Amino acid sequence: MAVALIRSRLLMVSIKPLTVVSSSPRSSLLYHTRTMTSTSTKDVSSQSDIGKMRTEADGSFKRAASSFRNFIENDGKFTPEKGRYHLYVSYACPWATRTLIARKLKGLEDFLAVSTVSPHMGAQGWPFKNGDPSWADADDDTEHPNFQHLKELYLLADPNYGGRFTVPVLWDKKLATIVSNESSEIIRMFNTAFNHLLPADKAAIDIYPEAHRQEIDSINEWVYDTVNNGVYKSGFAQSQAAYENAVYPLFKSLDRLEEMLKGKDYLVGNTLTEADIRLFVTTIRFDPVYVGHFKCNLRDIRHGYPNIYLWTRKLYWNNDAFKSSTKFDHIKEHYYWSQTLVNPSRVVPAGPVPDIEPL
Ligand SMILES: N[C@@H](CCC(=O)N[C@@H](CS)C(=O)NCC(=O)O)C(=O)O
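In structure tokens form, the structure reads like this:
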């Protein structure tokens with residue numbers, strides 16, 4: 001009966017128009033990069049402090065578009081070179097985790113080093129280890145050892161930067177600036193930009209194959225809006241209507257994905273693509289965080305979506321690019337500790353146990 005009610009409700013909810021940030025066509029991108037060397041002294045606390053984040057007038061959460069949208073490419077300003085670029089990530093963040101997975105899949109570990117921030121994103125934003133010695137499994141910024149927070153990197157690239165200080169960041173050591181802070185575009189770069197420098201087996205890996213691009217783009221659009229970003233819209237909603245406008249479309253999309261993944265190892269064709277990477281980073285966080293913290297609790301993945309759960313577990317247990325990029329302690333600590341508007345006590349829940357079950 002309850003399920004029937006929920007389902008009839010799902011049918012009544014219309015999906016809001018797509019606000020796709022992550023799949024913008026390259027031609028329409030904003031090219032925005034400056035190389036400056038001094039950091040600003042202006043007050044940026046409204047940009048760094050998630051506790052000060054405001055929703056729209058109707059209580060809904062709108063994600064701001066990324067600002068640095070350059071590409072690594074031959075004959076461009078940012079040419080493919082081994083060791084020239086550096087990747088800043090949080091293991092907590094689903095968008096940053098996309099880039100970790102793609103980096104590993106393509107065998108780019110020797111091409112790009114990684115700095116990991118602490119999951120304690122506080123008033124100053126993401127801290128490096130020396131900005132938060134309480135969290136052992138984080139790095140100092142090897143490129144700028146005196147930096148304590150990621151925001152210093154942004155302000156070095158552009159002292160007038162007015163956006164949020166987000167991960168991931170793809171940094172150019174040569175020009176001392178940010179190439180890109182948009183994960184969907186960073187993984188496209190990783191897919192192709194270094195191919196001529198990679199061994200044949202790694203160069204041949206293609207997570208955005210020509211033959212499947214249309215299907216991948218179309219799945220990315222609704223998965224981004226209703227699932228990847230849908231969980232945030234549900235969790236950050238400050239009104240009942242905004243919450244319901246996010247949570248019902250989210251579960252409608254999960255129902256659709258459950259059907260699509262019946263008997264399948266991959267979302268598109270018979271091959272691992274970026275569509276899998278982009279969905280995985282949300283489904284792997286779903287039971288440990290989104291069900292409770294973001295109130296995405298019509299069902300959980302492990303009991304409510306057997307096909308999605310099997311697909312998630314196969315990626316996690318059978319492919320080290322996925323497993324090694326997933327750190328559940330970072331994930332849980334970050335959401336429950338940092339997002340004090342949602343969880344003022346900062347208490348991190350004990351379950352679920354285990355974080356993910358075996359195959
Ligand atoms: N569009 C960006 C979104 C990145 C993003 O929102 N990252 C979050 C962490 S999951 C962040 O760093 N937030 C910091 C803040 O908003 O202050 C991408 O996909 O790369």
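The sequence shown runs 1 to 359 under our numbering. Where is the CB? At the ideal position from N, CA and C, for every residue including glycine. Computed from a predicted model, the values in this text were never measured in an experiment.
Helix, strand or coil, according to DSSP, for Y88 in the structure here? strand
With a threshold of 16 other CB atoms inside 10 Å of the CB of K332, please say whether the residue is buried or exposed. buried
Assigned exposure category for R54 - 16 Cβ within 10 Å defines buried: exposed
Are there any heavy atoms of ligand 1 lying less than 8 angstroms away from the beta-carbon of I50, as far as the coordinates show? yes
D158 classed as buried or exposed, judged by whether at least 16 other C-beta atoms fall within 10 angstroms: buried
For F280, which residues in the same chain have their Cβ closer than 7 angstroms to its Cβ, ignoring the five residues on either side in sequence? T312, L315 and F322
Looking at C-alpha atoms only, which residue of K42, S46 and F61 is the closest neighbour of G392? Past the edges of the chain, shown from 1 to 359, lies residue 392, and the structure says nothing about it.
Could you please give the first and the last residue of the uninterrupted alpha helix (DSSP H) stretch that includes D320? D320 to K323
Can you give me the start and stop residues for the beta strand (DSSP E) that W171 sits inside? V169 to D172
Tell me which residues share the same chain as Y266 and place their Cβ nearer than 6 angstroms to its Cβ, disregarding the 5 neighbours each side in the sequence. L272 and D276
Could you tell me if the beta carbon of G365 falls within a distance shorter than 8 angstroms of some heavy atom in ligand 1? No answer is possible for residue 365: the residues shown for the chain start at 1 and end at 359.
Sequence-distant residues of its chain with Cβ nearer than 7 angstroms to V20 (five each side left out): Only weak support is given to the placement of V20: the predicted model assigns it a pLDDT of 31, under 50, and the question is left unresolved by the model.
My parser needs the alpha helix (DSSP H) runs of 4 or more residues fully inside the stretch 179-240; what are they? 183-192, 200-203, 213-223 and 230-236
Option in L87, Q214 and T192 with minimal Cα separation from A204: T192
Look at Y208 and E152 and say whether their C-beta atoms are less than 9 angstroms apart. no
Locate the beta strand (DSSP E) running through V114, then write down its first and last residues. A113 to T116
Using DSSP with H/G/I as helix, E/B as strand and the rest coil, what is R69? strand
Could you tell me the distance, in whole angstroms, from the CA atom of G51 to the CA atom of T340? 6 angstroms
Distance between K77 and L29 (C-alpha atoms, nearest Å): The predicted model places L29 with a pLDDT of 32, which falls under 50 and marks its position as unreliable; any figure quoted below should be read in that light. Each residue's alpha carbon lies about 16 angstroms from the other.
From the DSSP output, which residues share a beta bridge with G122? G125
Check the C-beta distance from S253 over to Y243 and give it rounded, since I have them as a contact under 8 angstroms. About 16 angstroms; that fails the 8 angstroms criterion.
Cβ-based burial, K327 [other Cβ within 10 Å; buried from 16]: buried
Look at V227 and L261 and say whether their C-beta atoms are less than 9 angstroms apart. no
Assigned exposure category for R346 - 16 Cβ within 10 Å defines buried: exposed
Excluding the five sequence neighbours on either side, which residues of its own chain have a C-beta within less than 6 angstroms of the C-beta of N367, listed in chain order? No statement about residue 367 is possible, as the shown extent of the chain runs from 1 to 359 and does not include it.
Given S23, which residues of its chain have a CB within under 7 angstroms of its CB, disregarding the five upstream and five downstream residues? Per-residue confidence for S23 stands at a pLDDT of 34, beneath the threshold of 50, marking its modelled position as unreliable; no derived number is given.
Closest by C-alpha distance to N181, when choosing among E357, T97 and E56: T97
Proximal residues to N307 (C-beta, below 6 angstroms), its chain only, five neighbours per side dropped: E258, L261 and K262
For ligand 1, any of its heavy atoms closer than 8 angstroms to the Cβ of I186? yes
Alpha helix (DSSP H) containing V281: first to last residue? E274 to R285
Alpha carbon to alpha carbon, what distance is there between W317 and L170? 28 angstroms
Can you find a heavy atom of ligand 1 that lies under 8 angstroms from the Cβ of F165? yes
Just checking: is the beta-carbon of W171 within a distance shorter than 9 angstroms of some beta-carbon in chain B? The structure shown contains no chain B; it holds only a single protein chain.
State the Cα-Cα distance for the pair S38 and V268, rounded to the nearest angstrom. For S38, the predicted model reports a pLDDT of 40, less than 50, meaning its position is unreliable; a value from the coordinates is still stated below. The alpha-carbon atoms of S38 and V268 are separated by roughly 46 angstroms.
Can you look up H149 in the DSSP assignment and give me helix, strand or coil? strand
What is the rounded straight-line gap between the Cα of L310 and the Cα of T116? 29 angstroms
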